[in-house]
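*Asks:* Sharing a structure here in structure tokens format.
Numbering (this note's numbering), first residue to last: 1357 to 2389.
Okay, here's the thing in structure tokens:
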């Protein structure tokens, strides 16, 4: 159905009688007529029936599963249910944004922005939709889909390849910042298996091959009643390229102006259609490689920094654990002597067999420099789609996907921090007493690396078609029955770690054996108590045991001089056998839908209906490396995860158009939807949705929806094993700055009293801004319920062709929201508000009084709410016979984002307490296309300012008033230009671009987890230059 009110023309790339694969209209209904000139009588509406295809062409495609309209045949609203895909013919090759015949077809329903960062269709349907076309994807100069979609204003606070510590190599989409598990991702209208390290709660958007994507459609409305539980924040539907005859090859390379972060992409698409046009096959493949960027290579991230919000001073954070070692002389046990050559209480080996004073901060170690700022990755992918038209009313279709990702994350070498004493009876302890506090960076092991090998596969098979006319009332109804199997399999490993138990043995008593070789012993001076490890090993010939002796460790050796033989048995890869972890996500769904018109009504109205049912079974599991499970590692401990669930759902939608083309009521529409589900864990539930649209004269339309939602906890939410991780947070009882060398801080009296109650001595200094937290699932979680309200207006003035404006208000209210509260929030509720339940989550060492761990188990909070106003302005200008310019502005004004824990309401807007939630975000884009084949454009991205506070607690009146700072706004400009050449064979396109033209540096965020800024929001790489060459045959 086309928009009768729009006055903006667009190019139809399909010649008469041929259609490309597309998102379908709503169930068939009559289009309202255009506004007549004064005094004219409205013409009768056009027929619903599609034009007859030429002989040999397949029938008009039935609806396909998707949340919204197609660029080529836009209805006024999203489809009433996820319907099927048909077998369409291939369109002729053409330059992006140009009609196949070079003419304007006169259709007027949309504004199309081609070649800019974003193509936005301003429909007057019940919910606005953002469209990102293939031309937009290629103009971005990126090789993976997630890097492109994360720049949209509606998306925020999602993980990506810039997240090093705590990341997993995935890229998520998080609409409205409500959480990636509350955004539903579809591929051709069908679900996609979750991806990551195993038992994951959201889709890895980069698992979808970019070469095969035709467009991305983002429904901004909550749509759980139509698409299922995950669609609280919205729906992202990825539409693959339609039937394709020929070969397209594309090569991309990009690099930063500093010569790092280089990216390569090589991809192809090929396809064929049989001469009778009944069968088609399309295959694409791709290879993408992205090289890393190191934190040391950018000024903003070269050192980890902290900030004194009261004194307004910055301190570089460095580590006392250095490659050369640091000895606290006061920790020497009985019989210990002052190291010769060192006159202070803190000493270091001088590299020549002696000792010297350890000078702070000169001798400290920069543990941020060697970390990845952008993590490297390697992707291989192949995608295939095929179909066969059995007869005029039935078609079979298949989809197959395989994607392999190799990625890793890197941190500085592991730090040995007084984990085990160095025995006075060790061969390498010359100081006469046990050494209880010795810190050393184990540079001989190399950096800590976390390696992921992830494979994603997906297979879809189904039957689709329409009902023959002889079936009477069901004539032209569309249907689909399909099965969808998806799987993610991951293998994870780590390097650069030590086994704690063996380190203790290697630092314990030692001596020489009879051959003069150093050995570890249980009893000092007794060779018969030599420590030997029995390692099980299996070969083709059978299983047995290999004996490996413990070799004493000279931890006091100068930097880089510990011999390899002392470290081999301390690591994870003895005998060439690596201790690996594994994970899986599996999803199986069966979907059946049917949709069509029920009846015609007077005044050009109608009633349409859609019905459907689906069954979904998901299984998730994660088995960490064995040593992580046992805790015998210098890495964080982790426990296994295992769980599954089954959901059976039925859904329907009723669309009623009571009147159209009558006086001021140019189009009136009411839409009602409902979904009933049965979850094997949480029982039955129902969700509803009601929407309305009133379109009047002069291009004005008013729309609104109200919807409810139900989201059961995921496998990870319920069953995730307790896992340790490091969080950036200062101990509230620490009176010293994060880096040694500053004066003592004065604690707030409330904090001081709470610290004393926990037994922390006054004046304690812990010299760290990282805390060990323990995250995990919670089997006692309740399901979430939610309500979404929207109301908006669209104005497309007929007096100004090509202009459209929209304004929409949204309110999301999620009850029993499943959340993990941040460490800083737990600290604030304990030390500032004296809430004992939060103090119970903080555990301290009874001797050193340091924080040993903080519990961060998932919990149901009272509610999460957010309200936002979306604004958009789009203008399409044609210069007769010459060129065309598309300009668009998409902006978001965030009214509120609140997390109610029942003890307090944490306000997120304008503060960093919950993440990046500025008042304003916007994208301005413009593109120019000339008939000669030249094109170009720009995108300007704006992220507004917000505050961060001491302890990441701007919700404390004290912090906000006396200990806060403004985070600078961020502006990033991208430019591109392209030219189409027409050689004898096919078409060649050369594209050049610069992303981040002015090399905008991300603003400093001291409370960010790493790199002194927010990896989920800002561009860390800086200015990038790229070249893309495409050849179509």
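All C-beta atoms in this analysis are idealised placements derived from N, C-alpha and C, irrespective of residue type, glycine included.
1. Identify whether residue 1899 lies in helix, strand or coil by the three-state DSSP scheme.
2. Determine the extent of the alpha helix (DSSP H) in which residue 1857 is found, giving its start and end residues.
3. Which residue marks the beginning of the alpha helix (DSSP H) containing residue 2107, and which one marks its end?
4. What's the call for residue 2281, buried or exposed, on a 16-neighbour Cβ count within 10 Å?
5. Is the Cβ of residue 1915 closer than 8 Å to any Cβ of chain D?
6. Look at the Cβ atom of residue 2376, then the Cβ atom of residue 1730, and state whether they are nearer than 8 Å.
7. At 4 residues or longer, and completely inside the stretch 2288-2363: list those alpha helix (DSSP H) runs for me, N to C.
8. Roughly how many whole angstroms lie between the Cα atoms of residue 1568 and residue 2239?
9. Shortest alpha-carbon distance to residue 1921 belongs to which of 1708, 1744, 2256 and 1800?
10. Starting from residue 1972 and walking both ways along the beta strand (DSSP E), at which residues does that stretch end?
11. Beta carbon of residue 2044, beta carbon of residue 2057: below 8 Å?
12. Whose CA, out of 2024, 2041 and 2069, lies closest to the CA of residue 2053?
13. May I have the straight-line CA-CA distance separating residue 2219 from residue 2170, to the nearest angstrom?
14. Excluding the five sequence neighbours on either side, which residues of its own chain have a C-beta within less than 6 Å of the C-beta of residue 2386, listed in chain order?
15. Looking at the unbroken alpha helix (DSSP H) that takes in residue 1600, where does it start and where does it end?
16. Under 8 Å, with one C-beta from each stretch per pair, do the stretch 1767-1777 and the stretch 1975-1986 reach the 3-pair mark?
17. Between the C-alpha atoms of residue 2002 and residue 2036, what's the straight-line distance to the nearest angstrom?
18. Tell me the DSSP bridge mates of residue 2232?
19. So what's residue 2379 in DSSP terms, helix, strand or just coil?
20. If you drop the 5 nearest sequence neighbours on each side, which residues of the same chain put their C-beta closer than 6 Å to that of residue 1887?
21. Which residue from 2114, 1649, 2069 and 1545 puts its Cα closest to that of residue 1535?
22. Write down the C-beta distance between residue 1818 and residue 1838 rounded to the nearest angstrom, noting that I regard them as a contact closer than 8 Å.
23. On the DSSP bridge assignment, give the partners of residue 2366 in chain order.
24. Find out if the Cβ-Cβ distance for the pair residue 2245, residue 2255 is shorter than 8 Å.
25. Note down the Cα distance separating residue 2404 from residue 1688, rounded to an integer number of angstroms.
26. Residue 2192 to residue 2178, Cα distance in whole Å?
27. Among 2360, 1899, 1972 and 1783, which residue has its Cα nearest to the Cα of residue 1872?
28. Skipping 5 residues on each side, what residues in its chain have a beta carbon closer than 6 Å to that of residue 2257?
29. Who are the Cβ neighbours of residue 2110 in its own chain at under 7 Å, not counting the five residues just before and after it?
30. Since residue 2367 and residue 1657 are thought to touch, with beta carbons under 8 Å apart, how far apart are those beta carbons, to the nearest angstrom?
31. Please identify the residue among 2380, 2199 and 1976 whose C-alpha is closest to the C-alpha of residue 1552.
32. Using alpha carbons as the reference points, say which of 1587, 1528 and 1582 lies closest to residue 1561.
33. Using only CA atoms, which one of 1571, 1539 and 1555 lies nearest to residue 1998?
34. Given this structure, state the Cα-to-Cα distance separating residue 1855 from residue 1541, to the nearest angstrom.
35. Closer than 6 Å by C-beta to residue 2175: which residues in its own chain qualify, once you throw out the five before and the five after it? Chain order, please.
36. Rounded to whole angstroms, what's the CA-CA distance from residue 1518 to residue 2329? Just pull it up for me.
*Replies:* The structure says:
1. DSSP places residue 1899 in strand when its eight states are reduced to three.
2. Where residue 1857 is concerned, the enclosing alpha helix (DSSP H) stretches over 1856-1863.
3. From DSSP, the alpha helix (DSSP H) with residue 2107 extends over 2105-2113.
4. It counts as buried.
5. Of the protein chains in this structure there is only one, and it is not chain D.
6. The answer is yes: Cβ separation under 8 Å.
7. List check, alpha helix (DSSP H) in window: 2313-2318.
8. For residue 1568 and residue 2239, the distance between alpha carbons rounds to 29 Å.
9. It is 1800 whose Cα lies nearest to the Cα of residue 1921.
10. Where residue 1972 is concerned, the enclosing beta strand (DSSP E) stretches over 1961-1979.
11. Using a Cβ distance threshold of 8 Å, residue 2044 and residue 2057 do not count as a contacting pair.
12. The shortest C-alpha separation from residue 2053 is found at 2024.
13. In a straight line, the C-alpha of residue 2219 is about 5 Å away from that of residue 2170.
14. For residue 2386, same chain residues with a beta-carbon under 6 Å away, outside a window of 5 residues either side, are 1606 and 2345 in chain order.
15. Here residue 1600 belongs to no alpha helix (DSSP H), and DSSP marks it neither H nor E.
16. Touching, no.
17. Put simply, the backbone Cα of residue 2002 is about 6 Å away from that of residue 2036.
18. As a beta-bridge residue in DSSP terms, residue 2232 pairs with 2242.
19. Reduced to three states, the DSSP call for residue 2379 is coil.
20. Once the five neighbours on either side are set aside, the close Cβ partners of residue 1887 are 1861, 1876 and 1906.
21. Nearest C-alpha to residue 1535: 2069.
22. For a cut-off of 8 Å, the C-beta gap from residue 1818 to residue 1838 is around 3 Å, short enough to register as a contact.
23. Paired residues: 2369.
24. A distance of 8 Å or more separates the beta carbons of residue 2245 and residue 2255.
25. A query on residue 2404 cannot be resolved here, the shown segment of the chain reaching from 1357 to 2389 and no further.
26. About 17 Å.
27. Nearest option by C-alpha distance: 1783.
28. If you ignore the 5 residues before and after residue 2257, its C-beta comes within less than 6 Å of the C-beta of 2217, all in its own chain and listed in chain order.
29. Here the set comprises 2186, 2187 and 2190.
30. Taking C-beta atoms under 8 Å as the contact rule, residue 2367 and residue 1657 qualify, at a distance of about 4 Å.
31. Nearest of 2380, 2199 and 1976 to residue 1552, Cα basis: 1976.
32. For residue 1561, the closest C-alpha among the options 1587, 1528 and 1582 is that of 1528.
33. Among 1571, 1539 and 1555, the Cα nearest to that of residue 1998 belongs to 1555.
34. Cα-Cα distance, rounded: 41 Å.
35. Here the set comprises 2217.
36. Rounded to whole angstroms, residue 1518 to residue 2329 spans 19 Å at the Cα level.
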